[in-house]
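Remarks on the structure that follows.
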């Protein structure tokens, strides 16, 4: 009996509930199914069935067209403006993703409808009956979770899930400047782009070169900022400095001013007609301006110097905070045992601080790995490297991806690189997260 | 600790060296800031070098002071509109974040339901995917829906994009509230909605204030999304407007106007930082201690 009721609900939503004599619920599920059908019919299928438009998938409703579109990515390209009926591969792919997301939401309700028909029938066999109204009250409280997260979920699907799924799928197509829809169709090419990245020398060289610099940059930038911050914290905390709070208050300024403003300012400091060259000329140190941003060594050094300027206050504050928690009694014990100040620092202060800040150093390296702003605003990735494709000497992976996407429209290659970055970031942060308490509790 | 020094040669020398280092660093830290202020008051319209050329030697103070750059921001550039746009986006993002994200945090922290682990895992994975790697797709989404060159959909994008990050913060805070509170309320017949509005929401005001504050401050200095989605100068935000003024390769390069505009926005931001400095510092220290 219960199985039969479930099968009925599986075919016509709510019909099982009808048999269970839960009319309100039955109506609710039935209305949802009608709504689903209405969407499909209203967005094209009805006109198609009535014969108003040619019988083809591209004229069908949201779901049929969506699934056809994401599988084929279209069939007719707009080779000239005379072509009136054409397919836009990218819109089809996006439409397919949206259709799939909506279908998934309906599917959740669908399987709830079947399960409910089954369990209610079971209960009735045992003689327990619950009216639709009391069910409605209960379900409203029970499904509070889902109603409460529905808006957030919709946002996540719309602005995170679908775009990321799209970016992921683009890696398996030939969507780039040679195939821009609707002039051309985009096609599924499987792992071809991945193979290209590893087999075509110029892509290969660029990836390896940019990746190496990204790694060097991430570690060097963190190391430099930490070293300066660390030294500053130690110096200001030392017995030689009076009013340490005032000194710290001044040195914290680079952290306090919005970084994008200072980065844009620094760019104007280092251009050939910029402030640094003018100061050096005024001082008579140089006789003609240096092209800071045109030189590989200078532009790389500038990135690290400016990053240190921006980043050292945070480390200074951090180390000061850790030093405040150091136990003074241990130092007294150490000096009674005859340890001099350097030995105390080496064996007590330094290891304690490092133990406390090590996880933050890892996070900082990971942050610099994807530090888009500083490279984009300061050097723009330049100077150009003739051996690289669409990248310069100071480009890190993420700025290269940005250039590939916005400047050169090499979407499939950009997507492959994004997946590459994702794997690296996910490995590091996954490892980091697994160790934290927040995750272990679940 | 008492800071009393014996006045011997070694201590005097060390003190001198330490202060020398501090003074050099203070100059390096303050010079760009002073230059920013000086340039905003400079009558020069040219390269950054020529602005410096017109100062008293190495002091970044212009020979003639003028407020003309601030007037030009509004007369010659759309600074007023940029500010208005940024403000609207910031307010919408704050409202959206406080409502949508708080609900998400509450549900994932305090309630057990089917799909919870799955949801947490999905959000965690999404968080690891740098959102702007999906730039193309976001662009196509906005193009498809006809949302390009408008600030309101951009605000929606910020609300949506912020969920993976702030949900985690909210949830972390709410997890630490005593469980007995909810249990007692449920015992008295409260619904989940009542537990949320009467108990958890009021108790979470600190984290909600923190997240809401972040949501308000964030969009002002974001550059990537506005650059991708806004075209017309009248629809620009502060960040993108200032970028165009500071871009030495573009025809819009206007360094003194840039510094004036940057100063206007930097003052409140910096003031807020120093006002809440204690919390930032505490946050940094908490991060350090968590790692132990």
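Protein chains in written order, with the working numbering: chain G, 271 to 712; chain F, 4 to 295. Note that the Cβ used here is the ideal one computed from N, Cα and C, for glycine as well.
- As for any alpha helix (DSSP H) of minimum length 4 sitting wholly inside the stretch 318-352 of chain G, the runs are 332-342, ordered along the chain.
- Residue 677(G) holds the alpha-carbon nearest to the alpha-carbon of residue 646(G) among 599(G), 677(G), 393(G), 508(G).
- In the three-state reduction of the DSSP assignment, residue 458(G) falls in the strand class.
- Along the stretch 39-52 of chain F, the positions whose C-beta sits under 7 Å from a C-beta of chain G are 39, 50, 51, 52, read in chain order.
- Collapsing the DSSP output to three states places residue 10(F) in coil.
- Under the three-state reduction of DSSP, residue 63(F) is assigned to strand.
- Contacts with chain F (Cβ-Cβ distance below 9 Å) from the stretch 390-415 of chain G involve 410, 411, 412, 413, 414, 415, listed in chain order.
- If you ignore the 5 residues before and after residue 507(G), its C-beta comes within less than 7 Å of the C-beta of 514, 590, 593, all in its own chain and listed in chain order.
- The C-beta distance from residue 170(F) to residue 111(F) rounds to 7 Å, short enough to fall under 8 Å.
- For residue 298(G), the enclosing alpha helix (DSSP H) covers residues 293-310.
- In the DSSP assignment, residue 482(G) forms no beta bridge with any residue.
- Here DSSP, grouped into helix, strand and coil, assigns residue 542(G) to coil.
- Judged by DSSP secondary structure, residue 433(G) falls within the alpha helix (DSSP H) whose first and last residues are 432-440.
- If you check the CB distance, residue 666(G) and residue 132(F) do not come in under 8 Å.
- No Cβ of chain G is located within less than 8 Å of the beta carbon of residue 197(F).
- Between residue 251(F) and residue 547(G) the beta-carbon gap is near 13 Å, outside 8 Å, which marks them as no contact.
- From the beta-carbon of residue 242(F), the residues of chain G found nearer than 8 Å are 530.
- Leaving aside the five residues that flank residue 276(G) on each side, the residues in its chain whose CB is nearer than 7 Å to its CB run, in chain order, 286, 384, 387, 388.
- Around residue 65(F), no beta-carbon contact reaches into chain G at under 8 Å, the shortest distance being about 13 Å.
- In this structure, DSSP gives residue 651(G) a state outside helix and strand, which the three-state scheme calls coil.
- Rounded to the nearest angstrom, the gap between the Cα atoms of residue 279(F) and residue 216(F) is 11 Å.
- Annotation: Cβ neighbours of residue 537(G) in chain F (cutoff 8 Å, chain order): 249, 251.
- Shown here for residue 69(F): same chain residues with a beta carbon closer than 6 Å to its own, the five before and five after excluded, namely 46 in chain order.
- Counted as a single uninterrupted DSSP element, the alpha helix (DSSP H) harbouring residue 382(G) occupies residues 359-395.
- Residue 471(G) sits exposed, since fewer than 16 C-beta atoms from the chains shown fall within 10 Å of its C-beta.
- The alpha helix (DSSP H) runs lying completely inside the stretch 581-638 of chain G and spanning 4 residues or more are 598-606, 611-614, given in chain order.
- Scanning its chain for C-beta atoms nearer than 8 Å, with the 5 sequence neighbours on each side dropped, one finds around residue 223(F) the residues 89, 93, 240, 241, 242, 268, 272, in chain order.
- Around the beta carbon of residue 480(G), 16 or more other beta carbons lie within 10 angstroms, which makes this residue buried.
- Straight through space, the alpha carbons of residue 544(G) and residue 552(G) are spaced by roughly 12 Å.
- Sixteen is the threshold: since fewer than 16 other Cβ atoms of the shown chains lie within 10 Å of the Cβ of residue 404(G), the residue is exposed.
- Its Cα nearest to that of residue 462(G), the residue 683(G) stands out among 683(G), 449(G), 688(G).
- Taking the CA atoms as reference points, residue 517(G) sits about 15 Å from residue 19(F).
- Residue 421(G) reaches chain F at 103, counting residues in chain order whose Cβ is nearer than 7 Å.
- Against chain F, the beta carbon of residue 680(G) has no neighbour under 7 Å; the closest one sits roughly 10 Å away.
- Residue 57(F) is a Cβ neighbour of residue 65(F), given a cutoff of 8 Å.
- Within chain F, no C-beta atom comes less than 8 Å from the C-beta of residue 610(G); the nearest is roughly 14 Å away.
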